[in-house]
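Working notes, structure below.
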Amino acid sequence: MKAVHFGAGNIGRGFVGLLLHQAGYEVVFADVAGALIDQLAAAGSYNVHEVGENPTVRTVDNFRALNSGTQEAALVAEIATAD
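Note that the working numbering has the sequence shown beginning at 1, numbered continuously upward.
Shown next, in the form of structure tokens:
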């Protein structure tokens, strides 16, 4: 299963991206923030730190990141094959 999520900021990555990852989705992030997209694409994974009584670190992988301002054709292809 694949999901395309527009917005790779803190909520997009740390909340929506984590939920999709935990549900077994391959996640494609789309955002216009070029530096952020470049960092995500190069990283291959990122950590989400859950705070509270039992702090947890969760790793998100199996995702791609596309610049929705400059990679329109690739983004359209991802959307066309998303669930």
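From the three backbone atoms N, C-alpha and C, an ideal C-beta is built for every residue, glycine too.
Just list the residues that DSSP pairs residue i with in beta bridges.
i: residue 83; result: None, per the DSSP bridge assignment.
Under three-state DSSP, which class holds residue i?
i: residue 30; result: strand
i: residue 3; result: strand
i: residue 8; result: coil
Do residue i and residue j have their C-beta atoms within less than 8 Å of each other?
i: residue 44; j: residue 67; result: no
i: residue 32; j: residue 5; result: no
i: residue 75; j: residue 23; result: no
Where residue i and residue j are concerned, what is the direct C-alpha to C-alpha distance, given to the nearest angstrom?
i: residue 82; j: residue 3; result: 5 Å
i: residue 63; j: residue 48; result: 14 Å
i: residue 77; j: residue 17; result: 20 Å
i: residue 57; j: residue 51; result: 9 Å
Ignoring anything shorter than 3 residues, give me the beta strand (DSSP E) runs that lie fully in the region 33-67, in order along the chain. 46-50, 56-60 and 63-67
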